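For reference, the structure discussed in these notes is given below.
Protein chains in written order, with the working numbering: chain A, 1 to 257; chain B, 1001 to 1257.
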């Protein structure tokens, strides 16, 4: 089985490594940046190109790990190979491939990927969508090679899932970032926060997030809230975030006592 | 060793259970709600009272697990016992006890507590502050009975720590809550999000939150952001949060490339 990656970022890197670990041949990596293509190609024992005209034409799967606008412009330039064309985008519709080929799909792993952090795919949900039953079976088999949790999901639900993931992951991580910034100002190491962060994440396996909510906003502790706002007086951005989230938590729990 | 709890909420419950497990006698639980006092007293094999005049006077430690404003009004009514007086508040100064007694302190466990979720204190940071060296040693010994991570921290740093914890825990949990609400609208079970949430929490042990940031906001993926905003068109509150956090992440990463 041969795969080509179009894109060389976090998703291409981690998915490529997962495929390679299962014996799948990564034939080629394309990136418009030659050095990025080369870095990933080395990790995957693949060839690399930075001109889309040099695309290898005989692979079984072509994985596009590109942001939305770049996917569109890249597809326009491609002389379409016969292999299955797949993108990995949470918010990108399967219809991007329509009219270009008949064998296409989506392979969306619900996870946060960074280039320098290895990932075990075993437990990662992979959401599959396909242009026909044959492609669907082939994508499912591929997904099941690396993960025990595969789902069939249409573009509409996948987009909603991706939005939900932005809150649960990207915005959550940004809360960690603000927290770490605040601690740094007092010379306190962010390590002290790890047990709390882990428990917050573990807790919602046995309670709903609504039940798990704690803190001054939910218990209407106005004195504490004023102290916090005073501490944030020099950081107008974090202060605005604090106020908006506190108001919103408060409202949600008053409406649902 | 005898302890009295003033308050019967999440912190009193979990701290009381941790002490009890180490053989410490919980002598009495006070709450202005008789039924709340009784519920916790039963768990801790303690007596319970709802009139502060009935306070047991010979305990070694009095733990106040109350919100800020309630602590103040409760202290006003108490005929001060000779035992050590301690509050558990992150944002409450040690000075609340000044003028009332000479043996007082703070015992702040940095964790999120819910009544119905058992907690292992072993790894929980406990921040101690005390009115004198003798009280400090006694509070440290007590903290070390249940936790391997004790810290001495003054009221100013503790308040900053508490603020940082609101972001890392309470606001993070609220991101989970919004995420779960969005999935429910599409009939998708929140379980699908657990691996992503755990990885987001684990990731910041090896990367800084700044390095760990992923998602449309940090990669300036405007097409995806517009799709998300369109999906949120009927939920003005979540939309406002999405916009503010996206703008802020974007700015932070443009300022620190």
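Note that CB positions come from ideal geometry on N, CA and C, so glycine has one too.
All of these numbers come straight from a predicted model, not from anything done at the bench.
Buried or exposed by the 16-neighbour rule on C-beta atoms within 10 Å, applied to residue i
i, result
"residue 51 (chain A)", "exposed"
"residue 203 (chain A)", "buried"
"residue 152 (chain A)", "exposed"
"residue 1129 (chain B)", "buried"
"residue 1185 (chain B)", "exposed"
"residue 1230 (chain B)", "exposed"
"residue 1095 (chain B)", "exposed"
"residue 1008 (chain B)", "buried"
"residue 177 (chain A)", "buried"
"residue 69 (chain A)", "exposed"
"residue 1215 (chain B)", "buried"
"residue 1046 (chain B)", "buried"
"residue 1254 (chain B)", "exposed"
"residue 1166 (chain B)", "buried"
"residue 82 (chain A)", "exposed"
"residue 1221 (chain B)", "buried"
"residue 89 (chain A)", "buried"
"residue 133 (chain A)", "exposed"
"residue 1073 (chain B)", "exposed"
"residue 1057 (chain B)", "exposed"
"residue 34 (chain A)", "exposed"
"residue 1200 (chain B)", "buried"
"residue 100 (chain A)", "exposed"
"residue 1227 (chain B)", "buried"
"residue 36 (chain A)", "buried"
"residue 1208 (chain B)", "exposed"
Short CB-CB distance (under 8 Å) between residue i and chain A
i, result
"residue 1136 (chain B)", "no"
"residue 1111 (chain B)", "yes"
"residue 1139 (chain B)", "no"
"residue 1241 (chain B)", "yes"
"residue 1160 (chain B)", "yes"
"residue 1186 (chain B)", "yes"
"residue 1143 (chain B)", "no"
"residue 1323 (chain B)", "What is shown of chain B runs 1001 to 1257, which leaves residue 1323 (chain B) out entirely."
"residue 1170 (chain B)", "yes"
"residue 1095 (chain B)", "no"
"residue 1180 (chain B)", "yes"
Contacting residues, own chain, Cβ-Cβ under 7 Å from residue i (five flanking each side not counted)
i, result
"residue 111 (chain A)", "119 and 124"
"residue 1077 (chain B)", "1052"
"residue 1024 (chain B)", "1001 and 1003"
"residue 1115 (chain B)", "1010 and 1013"
"residue 54 (chain A)", "none"
"residue 87 (chain A)", "64, 71, 96 and 106"
"residue 1197 (chain B)", "1176"
Beta carbon proximity, residue i to chain B, threshold 8 Å
i, result
"residue 176 (chain A)", "yes"
"residue 54 (chain A)", "no"
"residue 173 (chain A)", "yes"
"residue 81 (chain A)", "no"
"residue 167 (chain A)", "yes"
"residue 199 (chain A)", "yes"
"residue 114 (chain A)", "yes"
"residue 248 (chain A)", "yes"
"residue 117 (chain A)", "yes"
"residue 193 (chain A)", "yes"
"residue 146 (chain A)", "no"
"residue 31 (chain A)", "no"
"residue 66 (chain A)", "no"
"residue 102 (chain A)", "no"
"residue 17 (chain A)", "no"
"residue 123 (chain A)", "yes"
"residue 154 (chain A)", "no"
Contacting residues, own chain, Cβ-Cβ under 6 Å from residue i (five flanking each side not counted)
i, result
"residue 249 (chain A)", "217 and 218"
"residue 97 (chain A)", "85 and 104"
"residue 206 (chain A)", "none"
"residue 1268 (chain B)", "Residue 1268 (chain B) lies beyond the residue range present for chain B, which begins at 1001 and ends at 1257; the question has no answer from this structure."
Cut-off 8 Å between Cβ atoms - residues of its own chain near residue i, not counting five sequence neighbours on either side
i, result
"residue 239 (chain A)", "229, 232 and 233"
"residue 1144 (chain B)", "1150"
"residue 245 (chain A)", "217"
"residue 1091 (chain B)", "1068, 1158, 1159, 1162 and 1163"
Query raised in the report: What residues in the region 201-222 of chain A have a beta carbon less than 9 Å from any beta carbon of chain B?
Result: 201, 202, 203, 204, 205, 206, 207, 208, 209, 210, 211, 212, 213, 214, 215, 216, 217, 218, 219, 220, 221 and 222
Query raised in the report: Taking any Cβ of chain B, which residues in the region 222-239 of chain A have a Cβ under 7 Å from it, in chain order?
Result: 223, 224, 227, 228, 231 and 237
Query - Segments assigned beta strand (DSSP E), at least 3 residues, entirely inside the region 1112-1161 of chain B - result: 1126-1130 and 1150-1152
Requested in this report: Determine which residues of the region 68-93 of chain A have a Cβ less than 7 Å from any Cβ of chain B, and write them out in chain order.
Outcome: 68, 69 and 91
Requested in this report: Closer than 7 Å, Cβ to Cβ, to anything on chain A: give me those residues from the region 1039-1053 of chain B, in chain order.
Outcome: none
Query raised in the report: Taking only runs of the beta strand (DSSP E) that begin and end inside the region 1050-1089 of chain B, which ones reach a length of at least 3 residues, in chain order?
Result: 1061-1064 and 1084-1087
Query raised in the report: Taking the runs of the alpha helix (DSSP H) that are 4 residues or longer, which of them lie wholly in the region 1171-1248 of chain B?
Result: 1172-1185, 1194-1203, 1209-1212 and 1222-1231
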